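Undergrad: Structure provided below as structure tokens; questions to follow.
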Amino acid sequence: AQSVTQPDIHITVSEGASLELRCNYSYGATPYLFWYVQSPGQGLQLLLKYFSGDTLVQGIKGFEAEFKRSQSSFNLRKPSVHWSDAAEYFCAVANNAGNMLTFGGGTRLMVKP
Amino acid sequence: DAGITQSPRHKVTETGTPVTLRCHQTENHRYMYWYRQDPGHGLRLIHYSYGVKDTDKGEVSDGYSVSRSKTEDFLLTLESATSSQTSVYFCAISESLGRNTDTQYFGPGTRLTVL
Chain A
27 AQSVTQPDIH ITVSEGASLE LRCNYSYGAT PYLFWYVQSP GQGLQLLLKY
77 FSGDTLVQGI KGFEAEFKRS QSSFNLRKPS VHWSDAAEYF CAVANNAGNM
127 LTFGGGTRLM VKP
Chain B
325 DAGITQSPRH KVTETGTPVT LRCHQTENHR YMYWYRQDPG HGLRLIHYSY
375 GVKDTDKGEV SDGYSVSRSK TEDFLLTLES ATSSQTSVYF CAISESLGRN
425 TDTQYFGPGT RLTVL
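Quick mapping for you: the protein sequence lines, in order, are chains A and B.
Heads up: the first sequence is residues 27 to 139, going by our numbering.
Heads up: the second sequence is residues 325 to 439, going by our numbering.
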């Protein structure tokens, strides 16, 4: 069965600092991977997705993620964090049929002024 | 933003009562999903629909039923609510099912409290 682990439940960074959120997946075939962001009281918004090709994926709001098959990872990065990036971030993997997303437990990002 | 609304947005109910949550979309997408979100678990799929009157179970379907009589509406019913069903429920839609094209768009959520 597929699974996703986000090892960091909470992360605090200073505004302007770089950010890396970790995501590790378990899946038997080529994974299709997603990062979503959830602001307080809101639904989930897609940041970026990886299906194939270039392992470095660019997303919205200045985020990028790198797929590393050898490490079963899909870490999310941003070079300079803004206060508005404070939110909860979810990594997810799709199954073969594409009808089920399995989510990690989420990482809550706090940004210090 | 994708045209997805959920109603009600907040509900408090008592154990043993039936509850129905509604998801309405204006995108004419074929696929619709119900998830629940609980701390530490991310989102978990309850049921999904791949067309009118076509539904299937997800990871945590026990205690829930769904119906889809129109493309735009997907209903989630808790026949007899229990405290373990206190959660935030999200509806999602997608246009296609193929892994290389599918993106799910999420509604704003419904916070359900079962006392």
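The beta-carbon is built from N, C-alpha and C at its ideal position, and this holds for glycine as well.
Everything numeric in this text was worked out from a predicted model, so none of it was measured.
1. Rounded to the nearest angstrom, what separates Met356 (chain B) and Glu92 (chain A) at their Cα positions?
2. Measure the CB-CB distance between Val438 (chain B) and Thr339 (chain B) and report whether it falls below 7 angstroms.
3. Output the distance between the C-alpha atoms of Lys138 (chain A) and Thr344 (chain B), rounded to the nearest integer angstrom.
4. Decide if the segment 392-404 of chain B is in contact with the segment 94-110 of chain A; the criterion is three or more beta carbon pairs, one per stretch, under 8 angstroms apart.
5. Taking only beta-carbon atoms, is Leu102 (chain A) less than 7 angstroms away from chain B?
6. Would you report the Cα separation of Thr434 (chain B) and Gly375 (chain B), rounded to the nearest angstrom?
7. For Asp34 (chain A), which residues from the same chain have a beta carbon less than 8 angstroms from its beta carbon, with the 5 sequence-adjacent residues on both sides left out?
8. Phe129 (chain A) and Ala112 (chain A): beta carbons closer than 7 angstroms?
9. Keeping to the same chain, check which residues put their C-beta closer than 6 angstroms to that of Gly85 (chain A); ignore five residues upstream and five downstream.
10. For Arg333 (chain B), count neighbouring Cβ atoms within 10 angstroms of its own Cβ and tell me buried if that reaches 16, exposed if not.
11. Can you tell me which of A:Leu135, A:Ala55, A:Ser40, A:Gln68 puts its alpha carbon nearest to the alpha carbon of Ser78 (chain A)?
12. I'd like to know whether the C-beta of Gly132 (chain A) is nearer than 7 angstroms to at least one C-beta of chain B.
13. Who are the Cβ neighbours of Gly366 (chain B) in its own chain at under 8 angstroms, not counting the five residues just before and after it?
TA: Short version:
1. In a straight line, the C-alpha of Met356 (chain B) is about 29 angstroms away from that of Glu92 (chain A).
2. Yes. Within cutoff.
3. Roughly 41 angstroms separates the two Cα atoms.
4. No contact exists between the segment 392-404 of chain B and the segment 94-110 of chain A.
5. False, the Cβ-Cβ gap to chain B never drops below 7 angstroms.
6. Cα-Cα distance, rounded: 23 angstroms.
7. Excluding sequence neighbours, Asp34 (chain A) sits near Leu47, Arg48, Thr133.
8. With contacts defined as CB atoms closer than 7 angstroms, Phe129 (chain A) and Ala112 (chain A) fail to qualify as a contacting pair.
9. Excluding the 5 residues flanking it on each side, Gly85 (chain A) has same chain C-beta neighbours closer than 6 angstroms at Leu73, Leu74, in chain order.
10. A residue is called buried when at least 16 other Cβ atoms come within 10 angstroms of its Cβ; Arg333 (chain B) does not meet this threshold and is exposed.
11. A:Ala55 is the residue among A:Leu135, A:Ala55, A:Ser40, A:Gln68 whose C-alpha sits nearest the C-alpha of Ser78 (chain A).
12. Closer than 7 angstroms to some Cβ of chain B, the Cβ of Gly132 (chain A) qualifies, so yes.
13. Excluding positions up to five away in sequence, the list is empty.
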